[in-house]
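Asker: Numbering (our numbering), first residue to last: 36 to 434.
Glycine residues also receive a C-beta, built at the ideal position from the N, C-alpha and C atoms.
My questions all concern the structure below.
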Amino acid sequence: MFAKYVCKIMNSRRDFLKQISGAALVAGAAPSILTWAFPQRQVVEFPGEDGMILRSFRFVDLESPVEYFNTWLTPVPHFFVRNHMHEPSELDANDWRLSLGGEVEKPLTLSLAELSKIETHSVVNTLECAGNGRGLQRPQVPGIQWDKGAVSTARFSGPRLRDVLQRAGVKSTGKHVMFRGLDEVPGKVPPFIRSIPIEKALDADTLVATHMNGSPLTKHHGFPARALVPGWIGAASCKWITEIKVLDAEFVGNFMSPGYRLPNQPAKPGDVVKPEDTHPLTGLNVKSVISGPSDGASLSFKTGKVLVHGAAWAGEADIAKVEISTDGGTSWRSAKLGHEQAHYAWRLWSYDWKAGKSGDYTILSRATDSKGRTQPATAVWNPSGYLYNAIDEVKVHVG
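This is how it looks when you write it as structure tokens:
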């Protein structure tokens, strides 16, 4: 009943929700069904997005199929979408303003035209949702059940955040920089506001991004401007920003605590973790994903070598190597890393494999980074399913 609505491109998301709400009420369904109204791998077409996997329609969460991990820069229509609130219903570049305040000498407001006059800097960054892979965590945890595709890579461009802050003059009391976006907050839901330490804010690669892969940001990805905090979890790179505020301490709010934090000590299912026994999420883990062959594929024994390929990334570290195993992890062989690379970006990799005989195989991939971190056989469990990075695997049949 619900799936038929997905196939239509509505004039607005609200019209769509209005229709779907009516359908739910007629069926006697609870309002909360809106978040999970569609099959978990329902492929949908959204304006500006192509062949994505719908994870939530309430706030629009779209996952990239792993088959899209075949280009160093992800085309914008294939780039995953993560929203915590409703996207702004109306955005006019001429009316948009960015205010700077807090622990600064000269509070100011910038128009998009004024922002565009500040020197532009570009950073190729792999953006990953902290909950990517949550659906693979065992035992399961609540939240959007992402599989492997809440991650993509793009070249982001815009003024350095430090250049913007210097115009206002940061006081010595400034310790954190807060971002507030134009997300439309439903009801009593806490607004999506986050902050980053002043050291990361002043880093030469932290941006107020206005462009993505050479074109202005699209609405789904933060038009007209977003924060870009390279190497860190996607939640740090707030979209549709309209306010930057320098604070004397970390921002106090729902999406800083209890949200986006990890236990200081390993936790087990059922453990009660107090907020004071946690720390905020920052940089990404080392991780690799197999994008081909696909899980469950049947391969012909007569075709000779099979190209195993995928992507690997490590946040603020570099990928040192990717290894492949086809014998359950007994032996590992090095994959070939792609020639395109940048400090915060994933490396594409490939491996030519020829099965010795027909049968069922499990192909494993694991990455090691420049800090010496290697993907674990089992991801460290935590109550929110953050930073899942277990060795990746696909099962195939060679016949």
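Going by C-alpha distance, which of L372, I88, W416 is nearest G305?
Answerer: W416
Asker: Looking only at C-alpha atoms, which of D404, C164, P418, S151 sits nearest to D198?
Answerer: Each of D404, C164, P418, S151 was checked against the Cα of D198, and the nearest Cα belongs to S151.
Asker: Distance check for G339 and P298, CA to CA, integer angstroms please.
Answerer: 47 Å
Asker: Span of the alpha helix (DSSP H) holding V199?
Answerer: For V199, the enclosing alpha helix (DSSP H) covers residues 196-203.
Asker: Does the contact criterion of 3 or more C-beta pairs under 8 Å hold for the segment 177-188 versus the segment 155-168?
Answerer: Three or more beta-carbon pairs drawn from the segment 177-188 and the segment 155-168 are found closer than 8 Å, and the two stretches are therefore classed as touching.
Asker: Tell me whether the segment 133-140 and the segment 258-278 touch, counting them as touching only if at least three CB pairs, one residue from each stretch, are closer than 8 Å.
Answerer: yes
Asker: Can you check DSSP and say which residues form a bridge with T313?
Answerer: P298
Asker: Which of the three DSSP states, helix, strand or coil, is assigned to L133?
Answerer: strand
Asker: If you pair each beta-carbon of the segment 236-243 with each one of the segment 121-129, do three or more pairs fall below 8 Å?
Answerer: Because the criterion of three Cβ pairs below 8 Å is not met, the segment 236-243 and the segment 121-129 do not touch.
Asker: Give me the Cβ distance between L143 and A203, rounded to the nearest whole Å; I'm assuming they're in contact under 8 Å.
Answerer: 5 Å
Asker: Does the beta-carbon of S369 have 16 or more other beta-carbons within 10 angstroms, so that it is buried, or is it exposed?
Answerer: exposed
Asker: If you follow the beta strand (DSSP E) that L439 is part of, which residue opens it and which one closes it?
Answerer: Here the chain covers residues 36 to 434 and nothing more, so residue 439 does not appear.
Asker: Take every Cβ of the segment 395-402, pair it with every Cβ of the segment 350-368, and state whether three or more of those distances are shorter than 8 Å.
Answerer: Segments in contact, yes.
Asker: Tell me whether E235 sits in a helix, a strand or coil according to DSSP, three-state version.
Answerer: In the sequence as presented, Glu is not what sits at residue 235; that position holds Lys. K235 falls in the helix class under three-state DSSP.
Asker: Please work out which residues of its chain come closer than 6 Å, Cβ to Cβ, to D395, disregarding the five sequence neighbours upstream and downstream, and give them in chain order.
Answerer: Same-chain partners within the cutoff: H432.
Asker: What distance in whole Å lies between the Cβ atoms of A284 and H211, which are believed to be in contact at a cut-off of 8 Å?
Answerer: 6 Å
Asker: Can you tell me which of the three DSSP states K406 falls into?
Answerer: coil
Asker: Below 8 Å between beta carbons: does that hold for A380 and T109?
Answerer: no
Asker: With a cut-off of 8 Å on the beta carbons, I'd call P328 and V341 a contact; round off their distance for me.
Answerer: 6 Å between Cβ atoms; contact.
Asker: Run through DSSP, which three-state label would I68 get?
Answerer: With a pLDDT of 28 at I68, under the threshold of 50, the modelled position of this residue cannot be trusted, and the question is left open.
Asker: Within this structure, are the beta carbons of R90 and Q180 separated by less than 8 Å?
Answerer: Annotated as proximal: R90 and Q180, with beta-carbon spacing under 8 Å.
Asker: Between which two residues does the beta strand (DSSP E) harbouring F214 extend?
Answerer: 211-216
Asker: If you drop the 5 nearest sequence neighbours on each side, which residues of the same chain put their C-beta closer than 6 Å to that of A62?
Answerer: In this prediction, A62 has a pLDDT of 28, which is less than 50 and means its spatial position is unreliable; what the coordinates show is noted afterwards. Counting only Cβ-Cβ distances below 6 Å, and skipping sequence neighbours, we find nothing.
Asker: Check the Cβ-Cβ distances between K356 and every residue of chain B, and say whether any is below 8 Å.
Answerer: No chain B is present in this structure, which holds just one protein chain.
Asker: Hey, how far is the Cα of T106 from the Cα of V321?
Answerer: So the two alpha carbons sit approximately 19 Å from each other.
Asker: Tell me the rounded alpha-carbon separation between G331 and T397.
Answerer: 10 Å
Asker: Where do the ends of the beta strand (DSSP E) carrying R90 lie?
Answerer: 84-91
Asker: Just to confirm before moving on: does the CB-CB distance between S393 and H344 stay below 8 Å?
Answerer: no
Asker: Using the three-state DSSP reduction, which class does G170 fall into: helix, strand or coil?
Answerer: helix
Asker: Threshold first: 3 residues or longer. Then list the beta strand (DSSP E) segments lying entirely within the segment 262-288, N to C.
Answerer: Scanning the segment 262-288 for uninterrupted beta strand (DSSP E) segments of 3 residues or longer gives 276-282, listed from N- to C-terminal end.
Asker: Locate the beta strand (DSSP E) running through D96, then write down its first and last residues.
Answerer: For D96, the uninterrupted beta strand (DSSP E) segment begins and ends at 96-98.
Asker: Are the CB atoms of F104 and A346 within a distance shorter than 8 Å?
Answerer: yes
Asker: So which of I153, S419, I228, K206 has the shortest CA-CA distance to P177?
Answerer: S419
Asker: Span of the beta strand (DSSP E) holding N160?
Answerer: 155-163
Asker: Within its chain, find whatever has a CB closer than 6 Å to the CB of A390; leave out the 5 residues flanking it on each side and keep chain order.
Answerer: V433
Asker: Please go through the same chain and pick out, in chain order, the residues whose beta-carbon is closer than 7 Å to the beta-carbon of S360, but skip the five residues on each side of it.
Answerer: S366, W367, L399
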